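Protein chains: 4
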Amino acid sequence: MFVERVKSEGLAHLSYVVGGAGEAAVVDPRRDCDVYVELAAARGCRITHVFETHRNEDLLSGAAILAARSGATVHHGPKPAGEVLFATTTREGEEFTIGDVRLRVLETPGHTDDSLSFAVYDIGSGEQAVAVFTGDALFIGDVGRTDFYPDRASEVAGLLYDSLRKILTLGDQAVVYPAHGAGSVCGSGMADRDVSTLGYERLNNPRLRIDDRDEFVAAKLAERHEQPPYFENMERQNLTGAAPIRHPLVPEPLTAAAVREQHGRCVRVDVRSASAFLGAHLPGSLALPIETISSFAGWLLRPEEELVLIANDAEHAERAARYLARIGYDDVAGFLAPSLASWAAGGEAFGTIPVVDAQTVRARVASEPVGWTLLDVRSADEIGETRIPGALHRYVGELPAHLDELDPARSYTVMCGSGTRATIAASVLLRAGIRDVDLFLGSLGAWRTLGYETEGAAEGARAAG
Amino acid sequence: MFVERVKSEGLAHLSYVVGGAGEAAVVDPRRDCDVYVELAAARGCRITHVFETHRNEDLLSGAAILAARSGATVHHGPKPAGEVLFATTTREGEEFTIGDVRLRVLETPGHTDDSLSFAVYDIGSGEQAVAVFTGDALFIGDVGRTDFYPDRASEVAGLLYDSLRKILTLGDQAVVYPAHGAGSVCGSGMADRDVSTLGYERLNNPRLRIDDRDEFVAAKLAERHEQPPYFENMERQNLTGAAPIRHPLVPEPLTAAAVREQHGRCVRVDVRSASAFLGAHLPGSLALPIETISSFAGWLLRPEEELVLIANDAEHAERAARYLARIGYDDVAGFLAPSLASWAAGGEAFGTIPVVDAQTVRARVASEPVGWTLLDVRSADEIGETRIPGALHRYVGELPAHLDELDPARSYTVMCGSGTRATIAASVLLRAGIRDVDLFLGSLGAWRTLGYETEGAAEGARAAG
Amino acid sequence: MFVERVKSEGLAHLSYVVGGAGEAAVVDPRRDCDVYVELAAARGCRITHVFETHRNEDLLSGAAILAARSGATVHHGPKPAGEVLFATTTREGEEFTIGDVRLRVLETPGHTDDSLSFAVYDIGSGEQAVAVFTGDALFIGDVGRTDFYPDRASEVAGLLYDSLRKILTLGDQAVVYPAHGAGSVCGSGMADRDVSTLGYERLNNPRLRIDDRDEFVAAKLAERHEQPPYFENMERQNLTGAAPIRHPLVPEPLTAAAVREQHGRCVRVDVRSASAFLGAHLPGSLALPIETISSFAGWLLRPEEELVLIANDAEHAERAARYLARIGYDDVAGFLAPSLASWAAGGEAFGTIPVVDAQTVRARVASEPVGWTLLDVRSADEIGETRIPGALHRYVGELPAHLDELDPARSYTVMCGSGTRATIAASVLLRAGIRDVDLFLGSLGAWRTLGYETEGAAEGARAAG
Amino acid sequence: MFVERVKSEGLAHLSYVVGGAGEAAVVDPRRDCDVYVELAAARGCRITHVFETHRNEDLLSGAAILAARSGATVHHGPKPAGEVLFATTTREGEEFTIGDVRLRVLETPGHTDDSLSFAVYDIGSGEQAVAVFTGDALFIGDVGRTDFYPDRASEVAGLLYDSLRKILTLGDQAVVYPAHGAGSVCGSGMADRDVSTLGYERLNNPRLRIDDRDEFVAAKLAERHEQPPYFENMERQNLTGAAPIRHPLVPEPLTAAAVREQHGRCVRVDVRSASAFLGAHLPGSLALPIETISSFAGWLLRPEEELVLIANDAEHAERAARYLARIGYDDVAGFLAPSLASWAAGGEAFGTIPVVDAQTVRARVASEPVGWTLLDVRSADEIGETRIPGALHRYVGELPAHLDELDPARSYTVMCGSGTRATIAASVLLRAGIRDVDLFLGSLGAWRTLGYETEGAAEGARAAG
């Protein structure tokens with residue numbers, strides 16, 4: 001038997017092909033699902049089953065597409081918030097044989113009501129589970145978030161506690177295969193490690209180490225998670241099944257004139273690096289460096305908007321289109337083929353964002369210039385830990401809904417942890433008509449390295465320690 | 001401006017992307033047309049036009065697919081035998097600007113009534129054509145075949161003569177970009193060279209050197225061409241537009257049991273090498289070494305048949321499926337995943353074909369064993385040139401329609417030029433129930449190298465010379 | 001932290017890149033070691049250390065090459081049979097920090113005296129080992145062979161027992177990363193599974209389940225392992241460090257004439273499939289289907305011999321050259337560019353091997369024809385399990401040294417488990433001047449499937465059961 | 001026969017593999033020459049000859065490397081300025097047979113004394129040349145520069161005239177294969193077209209249309225060419241033969257600390273886009289966007305300097321290292337693995353360059369601020385054509401040698417045609433300690449599009465026209 005992990009960069013989404021002896025199953029396929037077919041074929045295995053650990057809210061599932069292609073059956077847990085049209089319901093204890101592998105279903109609700117885990121057995125080799133697919137119930141170093149049912153917050157946190165105990169009964173020897181790794185919007189405490197076992201997690205995972213149910217529930221209720229507006233769209237589409245992505249996906253190259261005229265109403269999405277956006281960008285464009293698409297497109301773009309990309313080259317644009325398609329943004333009119341220098345050389349207008357360093361920001365914080373605000377766009381969790389005294393806080397994803405809190409007559413220096421999210425936020429501000437914006441590159445990272453003053457829980461802990 | 005040639009191996013089909021300055025056109029796209037989109041995008045060009053030199057009869061056009069994807073317009077010549085639904089009719093003298101390139105239409109009937117050529121001009125660089133797309137009118141070293149209108153044989157040969165003279169007026173300096181290269185079923189006299197100009201062809205192409213119209217017509221009428229049954233199917237589909245190929249194309253891996261049972265009625269198509277087929281093959285399978293698919297699938301497979309492939313591995317099976325899809329065979333149920341040794345080790349039956357060499361065949365020819373026939377499956381043209389005395393002739397493509405001429409009680413030694421086509425033919429015989437078949441490896445090539453006796457036009461010429 | 005497994009097909013050799021936070025180490029690199037550099041660079045990690053679990057005997061190590069390229073230090077265990085020139089000696093308990101990972105050394109002799117294992121700790125995540133590199137001490141489903149010190153057989157088997165107990169103290173939670181997977185010449189009992197943990201192995205590995213030291217030693221002493229002559233060469237080169245492989249590795253394409261004349265004295269190595277060799281091959285060539293190179297080249301080729309390959313195409317020849325280079329065969333003069341059919345069509349001589357099926361062999365076994373022998377070339381272990389009554393046994397690897405036991409006047413039907421190794425053996429017989437050879441395709445597999453009579457331990461067990 | 005063109009991006013260098021029937025030759029190979037071996041092998045051809053049209057001055061030749069690898073002979077023209085150690089001298093009229101192709105030597109001095117062209121004949125197809133390799137004698141739309149022998153300027157221009165006439169005698173039908181395309185430092189008048197013939201060039205190439213020898217010489221003498229200092233180094237190395245490039249070429253990923261400390265004395269070369277450099281860069285780094293490496297590294301880097309790259313990612317760094325290696329810069333210590341935002345977040349210092357647009361620059365030109373200079377870094381040819389009144393001119397490549405002309409107390413706005421070369425120049429100024437530098441993005445392109453005032457020959461012509 002074999003297990004192949006497929007990692008979708010950006011999403012930090014993990015999916016798996018498991019099988020042997022001519023048959024294979026796919027666990028939690030993403031929308032662009034050729035990779036599973038090719039991996040299985042290279043091992044001489046036909047895909048016979050698709051398993052979903054839960055109805056994903058942060059990406060489009062490829063289960064329906066894969067089923068239509070290969071004739072595989074799709075299996076989903078009970079009680080999703082709606083009927084999963086392309087799947088049959090599977091329940092606790094059901095078993096599936098895929099070549100020389102056996103999968104057994106564990107109902108593990110908590111993150112969602114329909115969450116399943118799948119214990120993996122190597123037929124003929126041993127009685128114990130050799131691994132377990134844990135979906136969003138158990139991650140490496142963290143457990144699933146339980147904030148999707150606000151009315152039942154305590155109940156579902158308790159359900160997750162029970163589910164985790166159930167998973168642990170499989171034994172220390174089982175390798176853990178979760179649905180997300182570090183960097184996912186589905187959990188902030190995940191370890192930056194790509195291998196673990198139930199035994200290792202039992203001993204080291206901070207949440208698993210809480211062996212009192214009430215204490216666990218309390219800890220979960222104390223967590224703060226952001227919930228991007230696109231989650232709802234993903235959930236809805238994952239009931240009916242997403243359409244296959246366009247093939248080939250490479251967007252149309254567009255001239256400057258085409259971007260200005262024919263596609264003038266498109267949202268300009270700049271997927272180049274933060275540095276490049278700061279140096280020069282198209283007026284009105286949204287900064288969305290390619291590695292941030294999965295985290296922030298869902299906050300900042302509406303599904304019905306048509307997009308024009310500003311990218312390094314055709315390959316870069318294609319990759320960006322792929323990342324967008326994974327979360328349901330298909331309407332890409334093309335990408336600007338000339339470079340920014342060529343764009344400007346054609347007489348087109350462009351923008352640029354001044355960049356400042358920690359010394360400069362500190363001087364401003366000290367002098368408190370009139371009409372100036374330091375805007376910190378990190379998440380509530382991060383700001384709770386450490387912050388620069390006097391900064392205004394607003395999470396980057398929530399900026400569009402709170403633009404009325406900002407004053408176009410003021411000047412803003414935008415910051416985050418390093419400068420990347422701040423660049424995104426700065427572009428949001430500029431799009432909203434706030435003209436006097438500069439960027440604190442290095443942001444809190446530089447500030448702390450230089451030993452400048454901060455406040456927050458981490459400081460308190462430090463002071464207390 | 002740039003011209004990129006895309007060669008489709010097997011088909012010996014040549015298509016082109018031509019353009020510059022942000023726009024590109026595709027000439028004679030094949031069905032799997034991602035390559036054009038990617039080539040154009042890498043050069044920052046949007047595909048604005050698709051040109052067809054004629055309605056192809058030997059492959060499925062990708063014009064309709066490409067148009068649907070990129071919004072390009074499709075341009076086709078007048079008078080096709082039916083309406084090309086996805087194209088507009090273009091005529092003599094029309095001009096198209098694609099970025100910094102200009103294409104001018106030449107009506108060049110003869111091969112087909114709707115044949116066009118396209119002169120290529122580099123805007124701003126010079127008045128003369130820098131190149132010409134000649135479709136199936138003019139090849140490197142040969143000209144188009146004119147046997148598609150048997151009732152009008154002389155007329156269309158004459159039309160081609162006139163068309164070629166028209167093309168030559170573009171001047172010696174024009175590079176020639178034809179729709180086929182050596183190895184195509186569209187002409188047997190093509191040079192094995194991938195570059196030429198009108199000047200070079202004018203001086204060296206045997207057909208262009210005939211400057212008398214009647215002599216040219218007589219020469220064309222004397223040609224013998226085989227016409228595979230699938231041509232009709234291609235022509236019909238190329239009026240309505242082929243469907244996109246399945247993606248990803250890799251066929252399903254199948255176990256021995258699945259090949260025997262669920263897919264027991266499929267035609268088994270063995271795309272491995274001739275040697276491998278001779279050594280061991282599945283009973284009832286058709287030998288079709290991958291490089292011969294384009295030439296012989298159209299003779300030996302019916303479009304409605306479902307196929308199972310026997311291939312080296314998944315990648316090999318995928319390539320075979322691609323070659324099949326280019327000529328309209330989409331119904332591939334999968335490929336046998338185990339090797340032939342594993343197949344046999346499972347207790348499955350297999351076949352093998354004895355192989356004989358020139359010395360053995362010569363001894364048989366000399367002794368004329370009772371009930372034995374030497375079957376030569378080369379084309380009429382080749383047999384007209386040189387043949388082994390006493391051999392029976394039947395073109396490999398025409399074998400299925402003439403199986404009643406063969407006697408299951410006799411033994412056959414099959415030959416061709418080297419042994420590859422003979423292996424295909426031997427598999428056809430075995431499928432037809434003729435059991436006593438062996439293969440003359442080396443065939444006429446070995447026979448002639450060894451200086452054994454032959455007869456035919458080439459010999460006469462030699463004797464006379 | 002991350003762990004990337006690199007599998008070398010054919011060799012079934014497993015090596016690893018482990019690291020994080022800007023640094024990486026490579027464990028047991030193979031000779032063609034670009035892959036490690038590229039994997040590490042893609043993760044932004046510099047290779048700082050190379051670890052060898054032992055001096056490999058079945059492949060050339062890339063440690064010296066990698067060290068020369070990247071400036072990494074190489075670490076090797078104590079007491080190798082000679083000085084490892086490019087490495088420093090590391091010992092029990094030494095620790096190495098690689099970015100955010102810590103490796104701790106365990107001396108685990110038994111397979112070899114210098115065998116090490118490396119426990120893997122995720123700094124800052126937990127106290128327990130998250131994984132362990134076990135080299136050839138512990139495999140998935142098996143343990144290392146202990147037949148390399150015939151004078152100290154019991155002693156080293158006991159050492160291995162102790163080493164395994166030491167490894168198990170790391171805890172059930174540790175993932176097992178061995179140096180070989182199923183298909184290796186380093187152990188025949190390995191599971192066909194690519195993931196496991198100490199917990200799973202403790203419960204299910206047949207050798208680990210023996211908890212009595214004497215019983216374990218007895219079981220190891222009862223094993224039979226073949227020891228190819230090239231092991232000695234590998235061991236010697238792995239003391240001084242192998243040279244980098246040639247780049248690019250693609251062999252020269254050769255014409256038929258060049259193969260016959262300039263390179264007429266080279267050993268012709270046919271890496272095509274067994275079927276293809278059976279169908280047609282160059283006279284005097286050795287059958288070595290590409291997937292068998294790692295297992296049998298070391299038995300059948302001498303290091304000083306210059307080779308000419310017969311392959312499917314340039315890519316196939318390059319892959320074969322890579323497999324050969326991994327075990328020290330660098331002297332590849334080129335590959336035959338024309339196909340076998342073209343070779344034969346040039347009037348060149350060729351060979352073919354008749355193929356027979358189980359029914360035919362059974363009839364012969366029953367009738368015992370005069371001068372006929374059924375030659376079974378499987379390993380002693382396999383033959384001990386099950387065999388066809390009356391067959392002569394000689395392991396394929398040992399055939400060259402025992403050709404004097406065969407009689408050129410007799411006819412031989414060669415068999416193995418399926419037909420692949422038998423094809424290799426048949427080619428060895430033909431090269432030795434034995435002319436009357438045919439091949440039992442399907443071999444024991446087919447024989448058993450059809451329920452024909454066998455004898456051996458498996459049968460006894462079955463009869464007794 | 002086939003001709004495969006290999007284009008080296010950046011260098012705009014064209015090399016060729018020509019051959020057929022089992023043999024191939026390479027014309028003007030670059031230093032990273034695997035591509036030729038692979039192309040030839042894929043066509044079943046052994047590389048038997050390497051031809052050099054002249055001793056290249058703008059890139060390292062791979063001839064010696066290729067010869068050492070494949071045993072091919074290298075052929076070079078007479079009278080190079082030194083002995084080409086790895087080549088034999090070939091002369092007018094010599095012929096070489098490569099499979100089914102024949103190459104005939106034409107001595108075509110002018111660009112250099114040792115310049116050769118090679119007429120290409122398809123054996124058995126026709127008497128005329130089907131193509132010609134013209135090296136740096138004849139380009140598409142231009143002819144070779146003749147400024148390498150300042151003492152003999154008229155003489156060598158006249159020699160080139162004679163050489164071109166000799167080439168033209170091959171006939172209009174010959175396809176032209178030059179050693180460079182548009183974008184090369186070897187000629188500024190090349191057409192942006194990748195196909196031509198002698199007939200087309202005879203009619204349209206501005207230099208070929210001058211049919212008076214004296215007029216031709218005068219025109220050549222009037223040309224202005226920049227001559228980078230690295231030309232001399234290339235020429236010297238191309239006499240002895242360059243060493244193979246390191247393999248694999250991917251540079252080491254470096255942490256911020258390693259860049260600052262261990263490699264603190266390396267030249268920091270930033271190969272990201274101009275926009276990215278403007279937005280944020282490492283202090284003291286040289287801007288050299290990857291596509292400008294071939295044109296400007298030779299002006300701005302000394303061969304003995306050790307480099308650290310700032311790149312988008314490992315793949316980008318590897319490509320940059322390849323471009324550098326092609327012109328002899330091998331000493332790359334690594335690349336900065338973190339992004340600029342991460343660099344800054346670590347508390348490291350960074351730089352940024354303010355960007356201004358045409359309106360701003362125009363206002364400054366009008367108001368003539370004290371201490372301000374508009375610095376135009378385009379070439380003499382370009383500046384001769386069109387310039388902004390009042391600007392200071394200094395070619396970007398020559399800036400390092402003329403830094404004493406600049407005043408650190410002044411402020412500079414740097415411009416070129418679009419902004420890319422200006423970014424390079426701005427980084428040179430910053431490295432020289434000039435602190436008050438901003439960048440005119442859009443540069444002359446934007447200025448002209450907006451219709452602002454210019455002066456120069458083009459304006460004169462326009463006024464006169």
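Sequences listed follow chains A, B, C and D, in order. So the first sequence is numbered by the working numbering: it starts at 1 and just counts up by one. So the second sequence is numbered by the working numbering: it starts at 1 and just counts up by one. So the third sequence is numbered by the working numbering: it starts at 1 and just counts up by one. So the fourth sequence is numbered by the working numbering: it starts at 1 and just counts up by one. Glycine included, every Cβ here is placed at the ideal spot set by N, Cα and C. Note that the coordinates shown come from a computational prediction; the quantities given were computed from them, not determined experimentally.
Buried or exposed (CB count within 10 angstroms, at least 16 for buried), S295/D:
Answer is buried; the Cβ neighbour count reaches 16.
List the whole-angstrom C-beta distance separating S154/C from A137/C, where the pair is believed to meet the contact cut-off of C-beta under 8 Å.
Wrong, their Cβ atoms sit about 17 Å apart, outside the cutoff.
Can we say the stretch 214-229 of chain D touches the stretch 165-184 of chain B, given the rule of at least three CB pairs closer than 8 Å?
Segments in contact, no.
Bridge partners - Y177/A, DSSP secondary structure assignment
Looking at the DSSP assignment, Y177/A forms a beta bridge with F133/A.
Which term fits A40/B, buried or exposed, when burial requires 16 or more other beta carbons within 10 angstroms of its beta carbon?
That one is buried.
Jot down the residue ranges of each uninterrupted alpha helix (DSSP H) in the stretch 53-97 of chain D, minimum 4 residues, whole runs only, in chain order.
DSSP runs (the alpha helix (DSSP H)) wholly in the stretch 53-97 of chain D: 63-70.
Would you say the stretch 391-398 of chain A touches the stretch 448-455 of chain A, given that touching needs at least three Cβ pairs under 8 Å?
Counting C-beta pairs with one atom in each stretch, the stretch 391-398 of chain A and the stretch 448-455 of chain A have fewer than three that are closer than 8 Å, which means they do not touch.
Quick check: what's the CA-CA separation for C266/D versus L300/D?
Cα to Cα, C266/D sits roughly 14 Å from L300/D.
Tell me which same chain residues have a C-beta within less than 6 Å of the C-beta of E57/D, skipping the five on either side of it?
Excluding sequence neighbours, E57/D sits near F231, M234 and E235.
Nearest-angstrom Cβ-Cβ length linking E52/C and D32/C, presumed shorter than 8 Å:
Between the beta-carbon of E52/C and that of D32/C there is about 16 Å, and that puts the pair past the 8 Å contact cut.
With 8 Å as the limit, tell me which residues of the stretch 128-159 of chain A have their beta carbon closer than that to any beta carbon of chain C; keep them in chain order.
For the stretch 128-159 of chain A, the set of residues with a beta-carbon nearer than 8 Å to any beta-carbon of chain C comprises Q128, V130, A131 and G141, in chain order.
Which one or two residues does DSSP pair with V17/A in a beta bridge?
V17/A is bridged to E4/A and V26/A.
According to DSSP, is M415/A part of a helix, a strand, or is it coil?
M415/A sits in a strand when the DSSP states are folded into three classes.
If I'm right that H263/B touches A333/B with Cβ under 8 Å, what's the distance once you round it to whole angstroms?
Contact holds; Cβ gap of about 5 Å.
Quick check on V370/B: buried or exposed, where buried means 16 or more other Cβ atoms within 10 Å of its Cβ?
By the 10 Å Cβ count, V370/B comes out exposed.
Note down the Cα distance separating L66/B from R46/B, rounded to an integer number of angstroms.
When rounded, the separation of the alpha-carbon atoms in L66/B and R46/B is 12 Å.
With 16 other CB atoms within 10 Å as the buried threshold, where does K220/A fall?
Under this definition K220/A is a buried residue.
Please list the segments of the alpha helix (DSSP H) lying wholly inside the stretch 383-435 of chain A, counting only runs of 4 or more residues, in order along the chain.
Within the stretch 383-435 of chain A, the complete alpha helix (DSSP H) segments of 4 residues or longer fall at 420-431, listed in chain order.
Among G126/A, I98/A and L208/A, whose alpha-carbon lies nearest the alpha-carbon of V17/A?
Checking every option, the nearest Cα to that of V17/A belongs to I98/A.
What residues in its chain sit with their C-beta under 6 Å from that of L441/C, if we drop five residues either side in the sequence?
Result list for L441/C: V355 and G419, in chain order.
At the level of alpha carbons, what is the spacing between E107/A and D114/A?
Cα-Cα distance, rounded: 8 Å.
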